[in-house]
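The structure under discussion appears below in the form of structure tokens.
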Amino acid sequence: MSANTWRQPTGDSDLSSEPGQATPSADGTPEAGAGSTAARRFWSARRLPAALVALLAVGGIGLLLYDVVSVRAGRSAMSWRRRLAEELATRPLDDTWMIVGAAVAMALGLWLFLLAVTPGLRRLLPMRQPTGIPGAEEVHGGLDRRAVALVLRDRARQVAGVQSARVAVGRRKVKARAWAHFRDLKEVRSDLDATLSEAATSLGLARQPTLTVHVRRPKKG
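For the sequence shown, our numbering assigns the number 2 to the initial residue and increments by one for each residue that follows.
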């Protein structure tokens with residue numbers, strides 16, 4: 002995020018900017034990464050998927066062990082196990098149901114694998130961890146993306162000439178749209194870009210998001 006951004010006027014009603022890297026603010030706010038270490042993302046506990054997998058595994062294994070013990074005790078195997086063994090022994094591999102079952106099993110396995118290797122909790126943005134402070138490495142702070150959007154929206158509305166604003170915050174990008182009812186659009190966009198850049202830097206996020214600002218006139222009527 003920088004004041005030196007690329008500007009692309011789109012007629013009289015729209016101005017946009019695509020910023021570069023974060024820089025120190027005018028009041029001396031340090032740039033991203035100064036005096037801090039990169040924070041890791043938050044990992045979801047995945048309680049519901051883990052509980053479902055555990056329940057299904059316990060239920061299936063328990064039922065199978067009960068049937069095996071019953072057979073060892075001289076009783077006949079359950080009808081579902083006899084039917085399953087017969088189908089697996091006689092049905093060809095290119096059968097439609099075999100292909101569908103394999104596809105479903107592969108999809109479930111891929112879903113579980115992705116849950117295991119991805120952090121989750123995309124709504125939380127990790128904050129920088131300060132260095133040189135005892136015990137700081139044990140603190141893992143984060144901000145909700147909706148809270149960040151509200152903060153940036155309120156700062157945008159404080160810019161002279163801005164009538165209303167909307168801010169959408171992603172993991173790596175911030176998109177701001179503002180409607181200016183007076184002042185030149187270029188001046189409003191420049192002030193808005195500088196204000197939002199400073200506000201985003203002051204939040205102390207571990208990864209400074211890139212900022213995109215659009216300013217236009219409100220529709221008449």
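Beta carbons: idealized from backbone N, C-alpha and C, even for Gly. Just so you know, these numbers come straight off a predicted model, no measurement behind them.
Cβ separation of residue i and residue j, assumed to be a contact under 8 Å, to the nearest whole Å
i      : j      : result
Leu116 : Pro50  : 6 Å
Ala177 : Leu197 : 6 Å
Val168 : Ala181 : Rounded, the Cβ-Cβ distance is 15 Å, inconsistent with contact.
Val170 : Val149 : 5 Å
Leu126 : Arg146 : 6 Å
Leu144 : Leu206 : 7 Å
Val216 : Ala179 : 5 Å
Cut-off 6 Å between Cβ atoms - residues of its own chain near residue i, not counting five sequence neighbours on either side
i      : result
Pro120 : Arg42 and Trp44
Arg173 : Pro210
Gly142 : Met128
Trp98  : none
Thr192 : The residue asked about is misnamed: residue 192 is Asp in this sequence, not Thr. The residues are Val160.
Contact set for residue i: own chain, Cβ-Cβ below 7 Å, skip 5 residues either direction
i      : result
Ala201 : Met2, Leu153, Val175, Gln209, Pro210 and Leu212
Phe183 : Gly162
Leu89  : none
Ala78  : Asp68 and Val72
Asp28  : In this predicted model, Asp28 has a pLDDT of only 43, less than 50, meaning its place in the structure is not dependable; the value taken from the coordinates is given anyway. Hits under 7 Å: none found.
Val101 : none
Sequence-distant residues of the same chain with beta carbon closer than 8 Å to residue i, five excluded per side
i     : result
Gly36 : Below a pLDDT of 50, predicted positions are generally treated as unreliable, and Gly36, at 47, falls in that range; the measurement from the model is reported next regardless. Pro131, Thr132 and Gly133, listed in sequence order.
Tyr67 : none
Thr30 : Its pLDDT being 42, under 50, Thr30 is placed unreliably by the model, and nothing is read from it.
Arg82 : Leu65 and Asp68
Reduced DSSP category for residue i - H, G, I as helix; E, B as strand; rest coil
i      : result
Val214 : strand
Pro131 : strand
Arg167 : strand
Gly162 : coil
Gly121 : coil
Val140 : coil
Residue i Cβ short of 6 Å to the ligand FAD heavy atom set
i     : result
Ala78 : Within the structure as shown, the ligand FAD is missing, as the structure has no ligands at all.
Could you tell me which uninterrupted alpha helix (DSSP H) segments, each at least 4 residues in length, are contained entirely in the stretch 177 to 203, listed from first to last along the chain? 186 to 203
Would you say the stretch 179 to 190 touches the stretch 99 to 113, given that touching needs at least three Cβ pairs under 8 Å? no
Should the stretch 153 to 169 be regarded as contacting the stretch 55 to 63, the criterion being three or more beta carbon pairs within less than 8 Å? no
Could you name each continuous alpha helix (DSSP H) segment of 4 residues or more that falls completely within the stretch 56 to 103, going from the start of the chain to the end? 80 to 91
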